[in-house]
Amino acid sequence: MLGKIFTQVLLLILVFSIVLPQNQSGSIFWGQNCARCHNVRGFNEFNDAQWDVIVRHMRIIGNLPGDQARAILKFLQEANNPPEEGNAVEESVKDYVNKRVESFELFPSSKFFVSGYGVSQFVSVKEEVPSFETSFTPLFHLAIGNNTYFMVEPEFELEDTKVAIELEIAQVSYFVNDYLTLVAGKFILPFNVYSERLHPTWIDKLPRRPLIYTNLLDHALSDVGIQLRGGASLPFSEGSKINYAFYIVNGPRLEMGELMIGENFTDVDTNKTIGGRLGILPVWNLEIGASYMSGKASDEEGTRKEDFSMIGFDGEYHFGGLEFRGEFIRLERKFGGWKETKNGFYVQASYRLSGEGFLGNLEPVIRYGSVSHEEEKITQLAFGIDYWLAPSSAIKLAYESNKNIPNRLTLQLVIGL
């Protein structure tokens, strides 16, 4: 019942948003998406390669409608021609932006490019042997024409005595129009925002995932299936907009009584999982979202089949260098007369210090999280400090004070592009 209501509301808002006149402010969209994700405060912080990646990424990674992507390109053109003193960019970048704006193409002329990020860290967990860890995650992008886009994201991680390789993303996106995109393959599920937007290590403010993605769910959510998604501006205020997503995927499988989301590459049953997320930005710097997912999960032998559902809420607020965000997840499983419920949440605050030089590159972070399951409750209070070497690259130091799980200290270097 809840799933049907969610779907109907999603469709109504989609139609509503397309019919209404749109509010296109390139500077606002730039601040909401590019500058926020890459953690920059001015154009002069980017080099040519980073500019190139941002312009190429904006439609697919930022989940931007076509009109918003074009508005950002126009804003970049106006901001860089002529460049203001102290805020100049290379001539090659200006030419690149100009050509993109003039042709109104949403993909660059170069059809293939590579981005990604690498991580090296030292981890000390109470009553365990401290260890160095490293991983590398390249992203391969291929555009065909102005409507079709392939993206593949493998992850290479040193694990015990071997190199673990995991395929996080292997998807193709087809842009139906400015407000609707069809996605197929293995993709990050748009359930809340952490999995899809924040799981890359250089975007997350702390070295380790929030508690709900380590002890309620065991990783960022992904699955194999199809998805319809998009976004549109709203006329309520400058920068107000909505984003929406609806998907049908294989769904989880059961292994040793555990719900394994994203591990069902070849479906073990005929039941599919449906879900979606609706996000609304009533003003440019505030977003609230609601997510829903439901389906059935079976073991490989077919001896057990249970119902499951998840509901989630997320929110974030930005003001200058200050950022607040939080998420809530409720997971419910049923089998015959048996029922299990898990609840979890986290809240996080960070502040990028103002000024130039050393202090201006610092960003303190604090996060509190909790996961409850029957009689067991796990809590976490994490403190961290980030030093930004460049946009998308940082040194992070964090300490987790935990209840019912070991405390942890992490020193991390992450380089992203």
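For what it's worth, the numbering used here labels the leading residue of the sequence shown as 130, then goes sequentially. Beta carbons: idealized from backbone N, C-alpha and C, even for Gly. Computed from a prediction, not measured in an experiment: that's the story for all the values here.
Looking at C-beta atoms only, is the number of pairs between the stretch 402–412 and the stretch 373–390 that lie closer than 8 Å three or more? A contact is defined here as three or more CB-CB pairs under 8 Å, and the stretch 402–412 meets this definition with respect to the stretch 373–390.
Strictly by DSSP, which residues pair up with M385? By 1-based counting over the sequence shown, the position of residue 385 is 256. M385 pairs with nothing; no bridge assigned.
Is it true that the CB of K334 sits closer than 8 Å to the CB of Q477? Indexing the sequence shown from 1 puts residue 477 at position 348. Indexing the sequence shown from 1 puts residue 334 at position 205. Yes.
Entirely within the stretch 301–325 and at least 3 residues each: give me those beta strand (DSSP E) ranges in chain order. 309–317
Do you know how far the Cα of I417 is from the Cα of I534? Position 405 of the sequence shown, counting from 1, holds the residue named residue 534. Position 288 of the sequence shown, counting from 1, holds the residue named residue 417. Spanning the two alpha carbons is a distance of roughly 30 Å.
Whole-number beta carbon distance between R481 and G441, since they are thought to touch under 8 Å: Translated into the one-based positions of the sequence shown, residue 441 becomes position 312. Translated into the one-based positions of the sequence shown, residue 481 becomes position 352. No, G441 and R481 are not in contact; Cβ-Cβ is about 27 Å, not under 8 Å.
At a cut of 8 Å, does the stretch 283–303 reach the stretch 362–377 through at least three beta carbon pairs? Contact between the stretch 283–303 and the stretch 362–377 is absent: fewer than three C-beta pairs spanning the two stretches fall below 8 Å.
Note down the Cα distance separating W413 from G368, rounded to an integer number of angstroms. Here residue 413 refers to the residue found at position 284 of the sequence shown. Here residue 368 refers to the residue found at position 239 of the sequence shown. The straight-line gap from Cα to Cα measures roughly 4 Å.
Which first and last residues belong to the alpha helix (DSSP H) in which G359 is found? Numbered from its first residue, the sequence shown carries residue 359 at position 230. Bounds of any alpha helix (DSSP H) do not take in G359; it lies within the beta strand (DSSP E) bounded by 351–362.
Given a cut-off of 8 Å on the beta-carbon distance, is the pair I514 and L526 in contact? Taking the sequence shown and counting its residues from 1, one reaches residue 514 at position 385. Taking the sequence shown and counting its residues from 1, one reaches residue 526 at position 397. For I514 and L526, yes; Cβs fall inside 8 Å.
Check G486 in the structure and name its three-state DSSP category. Taking the sequence shown and counting its residues from 1, one reaches residue 486 at position 357. In the structure shown, G486 sits in a helix (DSSP, three-state: H, G or I).
In this structure, what does DSSP give as the bridge partners for W467? For the purposes of this step, residue 467 is taken as the residue at position 338 of the sequence shown. Per DSSP, F464.
Which residue or residues does DSSP assign as beta-bridge partners of K255? Working through the sequence shown from its first residue, we reach residue 255 at position 126. Note: K255 is not bridge-paired with any residue in the DSSP secondary-structure output.
Rounded separation between L542 and I298 - CA only: The sequence position of residue 542 within the sequence shown is 413, counting from 1. The sequence position of residue 298 within the sequence shown is 169, counting from 1. Their backbone Cα atoms lie some 23 Å apart in a straight line.
Grab the span of the beta strand (DSSP E) containing I514 for me, first residue to last. In the sequence shown, counting from the first residue as 1, residue 514 sits at position 385. It spans 505–519 - the beta strand (DSSP E) in which I514 sits, taken as one unbroken run.
Does the Cβ-Cβ distance between Y528 and G498 come in under 8 Å? Taking the first residue of the sequence shown as 1, we reach residue 528 at position 399. Taking the first residue of the sequence shown as 1, we reach residue 498 at position 369. Taking 8 Å as the Cβ cut-off, Y528 and G498 do not qualify as a contacting pair.
Counted within 10 angstroms of its Cβ, other Cβ atoms place I294 as buried (16 or more) or exposed: Taking the sequence shown and counting its residues from 1, one reaches residue 294 at position 165. By the 10 Å Cβ count, I294 comes out exposed.
Alpha carbon to alpha carbon, how far is E492 from P520? On the sequence shown, residue 492 is found 363 positions in, with the first residue counted as 1. On the sequence shown, residue 520 is found 391 positions in, with the first residue counted as 1. Using only the alpha carbons, I get a separation of about 13 Å.
State yes or no: is the C-beta of L410 within less than 8 Å of the C-beta of A419? Counting from one through the sequence shown, the residue named residue 410 turns up at place 281. Counting from one through the sequence shown, the residue named residue 419 turns up at place 290. Cβ atoms of L410 and A419: not closer than 8 Å.
If you draw a straight line from the C-alpha of K240 to the C-alpha of I273, how long is it? In the sequence shown, the residue the question calls residue 240 occupies position 111. In the sequence shown, the residue the question calls residue 273 occupies position 144. In a straight line, the C-alpha of K240 is about 7 Å away from that of I273.
Run through DSSP, which three-state label would R199 get? Within the sequence shown, the letter at position 70 stands for residue 199. Three-state DSSP puts R199 in a helix.
Can you say whether V248 is buried or exposed, counting buried as having 16 or more other CB atoms within 10 angstroms of its CB? Reading the sequence shown from its first residue, position 119 is the one you call residue 248. Buried, since its Cβ has 16 or more Cβ neighbours within 10 Å.
What number of angstroms, rounded off, separates the C-alpha of K255 from the C-alpha of N531? Numbered from its first residue, the sequence shown carries residue 255 at position 126. Numbered from its first residue, the sequence shown carries residue 531 at position 402. Going by the C-alpha atoms only, they are around 10 Å apart.
Between which two residues does the beta strand (DSSP E) holding I544 run? Along the sequence shown, read from residue 1 onward, the residue named residue 544 stands at position 415. 537–545 is the extent of the beta strand (DSSP E) around I544.
Return the CA-CA distance between S438 and V312, expressed in angstroms with no decimal places. Taking the first residue of the sequence shown as 1, we reach residue 438 at position 309. Taking the first residue of the sequence shown as 1, we reach residue 312 at position 183. Their backbone Cα atoms lie some 23 Å apart in a straight line.
Do L540 and F251 come within 8 Å of each other at the CB atom, strictly closer than that value? Reading the sequence shown from its first residue, position 122 is the one you call residue 251. Reading the sequence shown from its first residue, position 411 is the one you call residue 540. Yes. Within cutoff.
Might you give, ordered along the chain, the residues of its own chain that have their beta carbon closer than 6 Å to the beta carbon of V109, omitting 5 neighbours on each side? Outside the shown range of the chain, which is 130 to 546, sits residue 109, and nothing can be said about it.
So what does DSSP say about I298, is it helix, strand or coil? What you label residue 298 is simply residue 169 of the sequence shown in a count that begins at 1. I298 carries a strand assignment under DSSP once its states are collapsed to helix, strand and coil.
Best match in G360, F457, I495 for proximity to A511 [C-alpha to C-alpha]: Translated into the one-based positions of the sequence shown, residue 511 becomes position 382. The option with the nearest alpha carbon to A511 is I495.
Going straight from the alpha carbon of P259 to that of P336, what length do you get? Position 130 of the sequence shown, counted from the start, is the residue given in the question as residue 259. Position 207 of the sequence shown, counted from the start, is the residue given in the question as residue 336. About 16 Å.
Selected residue, minimal CA-CA separation from W517, among Y308, E505, S483, A361: Position 388 of the sequence shown, counted from the first residue, corresponds to residue 517. Taking only the C-alpha atoms, the option nearest W517 is S483.
Y246 in three-state terms, based on DSSP: Position 117 of the sequence shown, counted from the start, is the residue given in the question as residue 246. Strand at Y246.
For the beta strand (DSSP E) that Y342 lies in, which residues bound it at each end? The residue given as residue 342 occupies position 213 in the sequence shown. According to the DSSP assignment, Y342 belongs to no beta strand (DSSP E), since it is labelled neither H nor E.
Give the straight-line distance between the Cα atoms of Y421 and I458, rounded to the nearest whole angstrom. Stepping through the sequence shown from its first residue, residue 421 is reached at position 292. Stepping through the sequence shown from its first residue, residue 458 is reached at position 329. The straight-line gap from Cα to Cα measures roughly 10 Å.
For my contact list, L345 and L460 are in at a C-beta cut-off of 8 Å; report their separation, rounded to the angstrom. Locating residue 345 in the sequence shown gives position 216, where the first residue counts as 1. Locating residue 460 in the sequence shown gives position 331, where the first residue counts as 1. That belief holds up - the Cβ atoms of L345 and L460 are roughly 7 Å apart, short of 8 Å.
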